[in-house]
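First the structure, in the form of structure tokens, and then the observations on it.
There are 2 protein chains.
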Amino acid sequence: MKIKLAENYGFCFGVKRAIKMAENEHGAATYGPLIHNNKEIDRLKVNFDVSLKNDLSEFESADKVIIRTHGIEKNELQVLNDKKVNIVDATCPYVTKPQQIVEEMSLKGYDIVIFGDEEHPEIKGVKSYAQGNVYVVLTQDELELIPLREKIAVVAQTTRKIENYLTLVNHLITHHKEVRVFNTICNATFENQDAARALAKEADVMIVIGGKNSSNTKQLLSIAKESCKDSFLIESSEDLDLTWFKDKKLCGITAGASTPDWIIMDVTQQIKNI
Amino acid sequence: MKIKLAENYGFCFGVKRAIKMAENEHGAATYGPLIHNNKEIDRLKVNFDVSLKNDLSEFESADKVIIRTHGIEKNELQVLNDKKVNIVDATCPYVTKPQQIVEEMSLKGYDIVIFGDEEHPEIKGVKSYAQGNVYVVLTQDELELIPLREKIAVVAQTTRKIENYLTLVNHLITHHKEVRVFNTICNATFENQDAARALAKEADVMIVIGGKNSSNTKQLLSIAKESCKDSFLIESSEDLDLTWFKDKKLCGITAGASTPDWIIMDVTQQIKNI
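Line by line, the protein sequences give chains H and X. Going by this note's numbering, 103 is the number at position 103 of the first sequence; the sequence numbering is gapless. Going by this note's numbering, 544 is the number at position 270 of the second sequence; the sequence numbering is gapless.
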């Protein structure tokens, strides 16, 4: 049986970069989980002495903090600086960008609209950089309730769909004189999905590796099933079932955005051994 | 028979303003026809001694030139200034705005995209204010051929439809990091159309006054006919036909964007006399 990996799978650029930074910071602690994968968090602890702290108060002077890809709020950064904590900033550059835009545009007098989930850490961080009016919305109904002024700058959560962003932006353009639109959407999630879709068309069995509760992974599974009915979700090689591969010619493999490469390589090796 | 005028009809704000300015400038000449209506141009000549010149070379020092609503190109303005011609600027404020935006944005390093007709005087004028890269497009196909850089500012011809503008703008937002969108569309044309549509639903005969070759007027006629089959296009009261009004209860009246009020009033009076 042949094995083929999707053209894009697993960690995005920002997460890969953050993991690499963490591996070089022995004795540091991440502020919040670096990724949604306990096995990877354990590996960083065991192999690189990088621990996890969930509360800002746990950090003390001379500690080393790793800021995760989502970024943090501006006042939290201030607290860490005031405490003289050493900061390793692994904020994804695709998240730093909207933080900078929001700060610059609000200093220039623009009302800020953020398309995203108010409760998401990335958006809490981005929003905190506004110096004036700032509104977080997900729907046009929410947008219509906002008393916006004439000059508006708008950014999006990195993981949102462009189609939905355009719906909101079009409403703004139609009703306001100037709208400064920043395309802050990152295509990593969609590239993984497109690659899974393409591979599922060739493969006669598809293995999707990722958390069983990860919405990202479940979406990959559902995309794979559209073209390949024999698509299976596993968290690691232990979940593999030999019967899946009987009489199959091409096994396609993809992985969710929180699945580390070493788990993917292990699964690939196990399937090769079948 | 009752007579009802559409809630919006005839001249837009900019044309009304230009005519009023011309009426106060005895001895002046407009550079190009002030509106697409020969009767109105004759009236300005006969009653207010305002003539028409079609070539820049016809203006001499101490002459008085009236710049029409469409505006003119920046270098033409320079020629007039160099000649010390007295300038009465009747450029519509809705046209001055995109001229200023194009100048300011191109000085700030933005590539400029103008949604409009390259041959239209308004667009020739607006385009002439660019200090750097500037592209005039009407379709997405044209847009895709342009080698745009990352920062883009976009304006629209005042008479374009917002839906078509959004199509181009959405393409830009999807493919570029920053798009600064200025909504420079003026609603006057669409307000006349909406008012004609509403009135035609009530009326049992509709009179549309305007040039028989005016696309603007023909569009009003076609909108009126959607709800009122007895809709007629006339250029002046001489075109009225008594049989149209037999057994009718409500006559609706609207007029194209180049139809002066005095023609509309004359038609209204003649119908009242029937």
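For each residue, glycine too, the CB sits at the ideal point set by N, CA and C.
* For L250/H, which residues does DSSP report across the bridge? -> Translated into the one-based positions of the first sequence, residue 250/H becomes position 250. Note: L250/H sits in a beta bridge opposite K2/H.
* Kindly list, in the order they appear in chain X, the residues whose Cβ is closer than 9 angstroms to that of K177/H. => Residue mapping note: residue 177/H aligns to position 177 of the first sequence, counting from 1. Simply K371, F456, N457 and T458.
* **Secondary structure of I537/X, DSSP reduced to three states** => As a position in the second sequence, residue 537/X is number 263, starting the count at 1. Three-state DSSP puts I537/X in a helix.
* Along the chain, where does the beta strand (DSSP E) that runs through L233/H open and close? -> Residue 233/H sits at position 233 when you count from the first residue of the first sequence. Element bounds for L233/H: S231 to I234.
* Could you tell me the distance, in whole angstroms, from the CA atom of I231/H to the CA atom of N133/H? => Here residue 231/H refers to the residue found at position 231 when the first sequence is read from its first residue. Here residue 133/H refers to the residue found at position 133 when the first sequence is read from its first residue. Reading off the sequence, residue 231/H comes out as Ser, not Ile. Going by the C-alpha atoms only, they are around 47 angstroms apart.
* Asked: Taking V181/H as the reference, which of K503/X, M295/X and K451/X has the closest Cα?
  -> Your numbering for residue 181/H matches position 181 in the first sequence. Checked all of K503/X, M295/X and K451/X; the closest Cα to V181/H is K451/X.
* Asked: Mind checking G109/H: buried by the 16 CB within 10 Å criterion, or exposed?
  -> Here residue 109/H refers to the residue found at position 109 of the first sequence. G109/H is exposed by the Cβ-count criterion.
* Over what stretch of residues does the beta strand (DSSP E) that includes I67/H continue unbroken? -> As a working mapping, residue 67/H is identified with position 67 in the first sequence. That run of the beta strand (DSSP E) goes K64 to I67.
* Can you grab the Cα-Cα spacing for the pair Q269/H / A195/H, in whole Å? => Here the question's residue 269/H lines up with position 269 in the first sequence. Here the question's residue 195/H lines up with position 195 in the first sequence. Rounded to whole angstroms, Q269/H to A195/H spans 21 angstroms at the Cα level.
* Residues in the stretch 144–175 of chain H having any Cβ partner in chain X nearer than 7 angstroms -> I162, L166, V169, N170, I173 and T174
* Three or more C-beta pairs below 8 angstroms linking the stretch 165–175 of chain H and the stretch 196–206 of chain H -> no
* **Beta-ladder partner(s) of E452/X, from DSSP** => Taking the first residue of the second sequence as position 1, residue 452/X is located at position 178. Its beta-bridge partners are F182/H and K425/X.
* Would you list the residues sitting across from M206/H in a DSSP beta bridge? => On the first sequence, residue 206/H is found 206 positions in, with the first residue counted as 1. Looking at the DSSP assignment, M206/H forms a beta bridge with S231/H and G252/H.
* **For V88/H and I66/H, believed in contact at Cβ under 8 angstroms, the rounded distance** => Position 66 of the first sequence, counted from the start, is the residue given in the question as residue 66/H. Position 88 of the first sequence, counted from the start, is the residue given in the question as residue 88/H. That pair is a contact at about 5 angstroms.
* **Range of the contiguous alpha helix (DSSP H) that encloses D415/X** => In the second sequence, residue 415/X corresponds to position 141, counting from 1. Note, D415/X: alpha helix (DSSP H), Q414 to E418.
* Spatial distance of N438/X from Q431/X (CA atoms) -> Along the second sequence, read from residue 1 onward, the residue named residue 438/X stands at position 164. Along the second sequence, read from residue 1 onward, the residue named residue 431/X stands at position 157. Using only the alpha carbons, I get a separation of about 11 angstroms.
* Is K53/H helix, strand or coil when you go by DSSP? -> Taking the first residue of the first sequence as 1, we reach residue 53/H at position 53. Reduced to three states, the DSSP call for K53/H is strand.
* With 16 as the cutoff for other CB atoms within 10 Å, does K107/H come out buried or exposed? -> Stepping through the first sequence from its first residue, residue 107/H is reached at position 107. The displayed chain sequence assigns Leu, not Lys, to residue 107/H. The residue is exposed, with fewer than 16 neighbouring Cβ atoms inside 10 Å.
* Between D391/X and the rest of its own chain, which residues show a CB-CB distance below 7 angstroms, the 5 nearest in sequence each way excluded? -> Your numbering for residue 391/X matches position 117 in the second sequence. Answer for D391/X: I397, L412 and Q431, listed in chain order.
* Confirm, please, whether the CB-CB distance from K2/H to L250/H is below 8 angstroms. => Your numbering for residue 250/H matches position 250 in the first sequence. Your numbering for residue 2/H matches position 2 in the first sequence. Yes, the pair counts as a contact, with Cβ atoms nearer than the cut-off.
* Asked: Once you ignore the five residues that flank S488/X on each side, which residues in its own chain have a CB closer than 7 angstroms to its CB?
  -> Taking the second sequence and counting its residues from 1, one reaches residue 488/X at position 214. Answer for S488/X: H310, G530 and S532, listed in chain order.
* To do: Locate the alpha helix (DSSP H) running through I19/H, then write down its first and last residues.
  => For the purposes of this step, residue 19/H is identified with residue 19 of the first sequence, where counting begins at 1. Looking at the DSSP string, the run of the alpha helix (DSSP H) that includes I19/H is F13 to E23.
* Please classify N311/X: does DSSP put it in a helix, a strand, or coil? => Numbered from its first residue, the second sequence carries residue 311/X at position 37. N311/X: coil per DSSP, three-state reduction.
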